[in-house]
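Enquirer: Chains as they are written, first to last, in the UniProt record's numbering: chain A, 1 to 206; chain B, 1 to 206. Beta carbons are placed, not taken as given, at the ideal position from N, Cα and C, and that holds for glycine. All figures in this text were calculated on a predicted structure; none of them were measured in a lab.
Number of protein chains: 2
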Amino acid sequence: MPVTDLATDATLDRDTGDLRSRILTIAERLFREMGYRKTTVADIAACLRMSPGNVYRFFPSKKALNEAVAERLLRQIEAELGCIVADTGMSARERLRRFVLTMHAMSAGQFTANRRMHDMVEVAMAESWEVIHAHIGRVEELLVTLVAEGARNGEFRVSDPRAAARCVQTAVVRFCHPALIAQCADREQPTIEEMTDFLMTGLRAE
Amino acid sequence: MPVTDLATDATLDRDTGDLRSRILTIAERLFREMGYRKTTVADIAACLRMSPGNVYRFFPSKKALNEAVAERLLRQIEAELGCIVADTGMSARERLRRFVLTMHAMSAGQFTANRRMHDMVEVAMAESWEVIHAHIGRVEELLVTLVAEGARNGEFRVSDPRAAARCVQTAVVRFCHPALIAQCADREQPTIEEMTDFLMTGLRAE
Numbered sequence: 001m002p003v004t005d006l007a008t009d010a011t012l013d014r015d016t017g018d019l020r021s022r023i024l025t026i027a028e029r030l031f032r033e034m035g036y037r038k039t040t041v042a043d044i045a046a047c048l049r050m051s052p053g054n055v056y057r058f059f060p061s062k063k064a065l066n067e068a069v070a071e072r073l074l075r076q077i078e079a080e081l082g083c084i085v086a087d088t089g090m091s092a093r094e095r096l097r098r099f100v101l102t103m104h105a106m107s108a109g110q111f112t113a114n115r116r117m118h119d120m121v122e123v124a125m126a127e128s129w130e131v132i133h134a135h136i137g138r139v140e141e142l143l144v145t146l147v148a149e150g151a152r153n154g155e156f157r158v159s160d161p162r163a164a165a166r167c168v169q170t171a172v173v174r175f176c177h178p179a180l181i182a183q184c185a186d187r188e189q190p191t192i193e194e195m196t197d198f199l200m201t202g203l204r205a206e
Numbered sequence: 001m002p003v004t005d006l007a008t009d010a011t012l013d014r015d016t017g018d019l020r021s022r023i024l025t026i027a028e029r030l031f032r033e034m035g036y037r038k039t040t041v042a043d044i045a046a047c048l049r050m051s052p053g054n055v056y057r058f059f060p061s062k063k064a065l066n067e068a069v070a071e072r073l074l075r076q077i078e079a080e081l082g083c084i085v086a087d088t089g090m091s092a093r094e095r096l097r098r099f100v101l102t103m104h105a106m107s108a109g110q111f112t113a114n115r116r117m118h119d120m121v122e123v124a125m126a127e128s129w130e131v132i133h134a135h136i137g138r139v140e141e142l143l144v145t146l147v148a149e150g151a152r153n154g155e156f157r158v159s160d161p162r163a164a165a166r167c168v169q170t171a172v173v174r175f176c177h178p179a180l181i182a183q184c185a186d187r188e189q190p191t192i193e194e195m196t197d198f199l200m201t202g203l204r205a206e
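1. Below 6 angstroms CB to CB, which residues in the same chain sit around residue 179/B once its five sequence neighbours on both sides are set aside?
2. Please check if any C-beta of chain B sits within less than 7 angstroms of the C-beta of residue 173/A.
3. Residue 163/A CB to nearest chain B CB: under 7 angstroms?
4. So which of 134/B, 105/B, 42/B has the shortest CA-CA distance to residue 72/B?
5. Answer with buried or exposed for residue 164/B, where buried requires no fewer than 16 other C-beta atoms within 10 angstroms of its C-beta.
6. Which residue comes first and which comes last in the alpha helix (DSSP H) that contains residue 113/B?
7. So residue 170/B contacts chain A; which residues on that side make the cut at Cβ distance below 7 angstroms?
8. Can you name, in chain order, every residue of its own chain whose Cβ lies under 8 angstroms from the Cβ of residue 30/A, other than the five neighbours on each side?
9. Kindly list the residues whose CB is nearer than 8 angstroms to the CB of residue 1/B, restricted to its own chain and excluding five residues on each side of it in sequence; keep chain order.
10. Quick check: is any heavy atom of the ligand PLP less than 6 angstroms from the C-beta of residue 175/A?
11. Excluding sequence positions up to five away, which residues of its chain have a Cβ less than 6 angstroms from the Cβ of residue 110/B?
12. Residues of chain A with a CB under 9 angstroms from the CB of residue 199/B: which are they?
13. Under 8 angstroms between beta-carbons, which chain A residues line up against residue 179/B? List them in chain order, please.
14. Look at the Cβ atom of residue 24/B, then the Cβ atom of residue 85/B, and state whether they are nearer than 7 angstroms.
15. Taking 7 angstroms as the limit between beta carbons, can you name the residues of its chain near residue 62/B, skipping five residues before and five after?
16. For residue 76/B, which residues in chain A fall below 7 angstroms Cβ to Cβ?
17. When you compare each of 34/B, 202/B, 170/B to residue 191/A by their alpha carbons, which one comes out closest?
18. Which of helix, strand or coil does DSSP assign to residue 54/B?
19. Please determine, among 103/B, 108/B, 91/B, 116/B, the residue with the shortest C-alpha to C-alpha distance to residue 28/B.
20. Using only the alpha-carbon positions, how far apart do residue 4/B and residue 81/B sit?
21. Assign residue 90/A to one of three DSSP states: helix, strand, or coil.
22. I'd like the list of long-range same chain contacts for residue 184/A, defined as Cβ closer than 7 angstroms, with 5 residues on each side in sequence excluded.
23. Please list, in chain order, the chain A residues whose beta carbon lies closer than 7 angstroms to that of residue 110/B.
24. With a 10 Å radius around its C-beta and 16 neighbouring C-beta atoms as the bar for buried, classify residue 75/A as buried or exposed.
25. Just verifying my parser: in three-state terms, what is the DSSP assignment at residue 203/B?
26. How big is the Cα-Cα spacing for residue 196/B and residue 97/B?
27. Taking the C-alpha atoms as reference points, what is the distance between residue 77/B and residue 14/B?
28. Out of curiosity, what's the CA-to-CA distance linking residue 149/B and residue 92/B?
29. Please classify residue 112/B as buried or exposed, where buried requires at least 16 neighbouring CB atoms within 10 angstroms.
30. Distance, Cα to Cα, residue 232/A vs residue 137/B?
31. Output the distance between the C-alpha atoms of residue 58/B and residue 120/A, rounded to the nearest integer angstrom.
32. For residue 3/B, which of helix, strand or coil comes out of DSSP?
33. Hey, could you find the ends of the alpha helix (DSSP H) residue 169/A is sitting in?
34. By Cβ distance below 6 angstroms, which residues in the same chain neighbour residue 20/A in space, the five residues on each side in sequence not counted?
35. So residue 207/B and residue 176/B are in contact, right, with Cβ under 8 angstroms, and what is the actual spacing, rounded?
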């Protein structure tokens with residue numbers, strides 16, 4: 001294949017990626033401002049000055065759009081959590097504390113704080129559970145890495161880091177699951193700090 | 001007041017209580033068999049061979065019926081949990097284990113196993129949160145009693161039994177909240193036994 005063709009393909013890929021990403025940015029903004037149910041593909045297309053057909057070329061259904069927006073938001077949370085795990089200048093204990101606090105703050109900020117996001121979340125939970133399931137799996141891997149590191153350096157005394165990481169992840173679901181954050185808004189205790197301290201004891205943190 | 005009048009009042013109270021209870025039994029059965037949304041007050045009245053007006057005399061709306069059915073089911077869970085806490089022949093550790101397992105099994109059995117119960121639960125979560133909130137509060141009190149006993153007899157080493165009990169209660173929400181039991185059905189780990197062991201460590205159970 002001549003070099004020029006390769007260059008053209010790369011440009012095309014980049015432009016296609018850019019357009020896909022622009023559609024998602026606008027879709028997320030409209031879901032946030034008008035709510036998922038009230039936003040139509042025509043609204044999104046109009047904001048981008050393109051035809052609805054152009055949006056459908058990338059996202060064949062509104063469900064596909066919702067999934068892609070949800071996945072992008074969840075990937076942002078994972079990116080932050082990944083940075084915390086990778087920051088080996090901090091103790092595993094301190095990183096775990098920040099991990100839990102960040103997961104809570106970002107979930108609350110992205111999915112619960114804005115009431116207009118609730119219907120997007122509800123639809124994602126009902127129709128696109130695989131996207132959420134995959135996110136839970138990736139968060140689990142990050143937590144396993146962190147707990148295993150703490151076990152290796154003697155900060156946590158656990159025999160099975162994966163099992164311990166899963167228990168930590170499950171124990172904080174009330175602070176991360178959008179529906180539970182909303183339902184438990186009037187239950188002030190345990191605070192996330194109390195919960196984190198309790199989990200540290202569960203990990204026999206020294 | 002003459003004795004006969006007292007007797008009449010007592011009989012009246014008992015009959016009224018019986019009727020209320022019979023309405024609830026039938027309502028629960030129909031919610032289970034047909035689903036909450038498809039069950040009408042007329043269906044319930046027909047099963048009891050009475051007029052819908054008679055049902056409305058006890059429960060002025062379908063929401064009131066849903067609340068009363070939900071509360072009765074939740075009180076059944078609390079009664080079982082109360083028996084476990086009161087069984088001081090067992091160690092606090094063993095009682096806590098049974099407490100968590102029973103809470104999970106009864107929540108799953110009453111609210112999740114039968115798909116027709118899902119809409120009743122959904123409506124209760126959305127419209128009658130106070131009933132659920134009060135139940136959570138009563139379960140908290142039972143757990144506080146149990147953890148405080150374990151702390152007094154040296155089984156659990158916790159400085160604040162209430163704070164510890166709240167952490168345990170929050171940590172097992174994935175195993176008790178009907179929506180989460182359903183959503184996590186494909187996540188086999190942590191098992192409730194792994195979670196309970198982890199919580200024992202959190203309580204520094206000796």
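Expert: In terms of the structure at hand:
1. none
2. yes
3. yes
4. 134/B
5. Residue 164/B should be labelled buried.
6. Segment: none, residue 113/B is in no alpha helix (DSSP H) and carries neither H nor E.
7. 174, 190, 195
8. 39, 43, 44, 47
9. The pLDDT assigned to residue 1/B is 43, lower than 50, so where the model puts this residue is not dependable; a value taken from the coordinates is nonetheless given after this. Excluding residues up to 5 positions away in sequence, nothing lies with its Cβ nearer than 8 angstroms to the Cβ of residue 1/B in the same chain.
10. In terms of ligand content, the structure shown is empty, and the ligand PLP therefore cannot be addressed.
11. 73
12. 167, 171, 198, 202
13. Going along chain A in sequence order, the residues near residue 179/B (Cβ under 8 angstroms) are 179.
14. no
15. 41
16. Per Cβ cutoff of 7 angstroms: no residues; residue 76/B is ~22 angstroms from chain A at best.
17. Measuring from the Cα of residue 191/A, the nearest candidate turns out to be 170/B.
18. helix
19. 116/B
20. Reliability fails at residue 4/B, whose pLDDT of 46 lies under 50, so the model's placement of it is uncertain and the value that follows must be treated cautiously. Rounded to whole angstroms, residue 4/B to residue 81/B spans 40 angstroms at the Cα level.
21. DSSP places residue 90/A in the coil class of the three-state scheme, outside both helix and strand.
22. 174
23. What residue 110/B touches in chain A: nothing, since even the nearest Cβ is about 19 angstroms away.
24. Residue 75/A is classed as exposed because its beta carbon has fewer than 16 other beta carbons within 10 Å across all chains shown.
25. coil
26. 6 angstroms
27. 24 angstroms
28. 7 angstroms
29. buried
30. In the structure as shown, chain A begins at 1 and stops at 206. Residue 232/A is therefore absent and cannot be evaluated.
31. 38 angstroms
32. Note that residue 3/B scores 46 on pLDDT, short of 50, meaning its location in the model is unreliable and no value can be drawn from it.
33. 161-171 is the extent of the alpha helix (DSSP H) around residue 169/A.
34. 58
35. Any question about residue 207/B goes unanswered here, given that chain B covers just 1 to 206.
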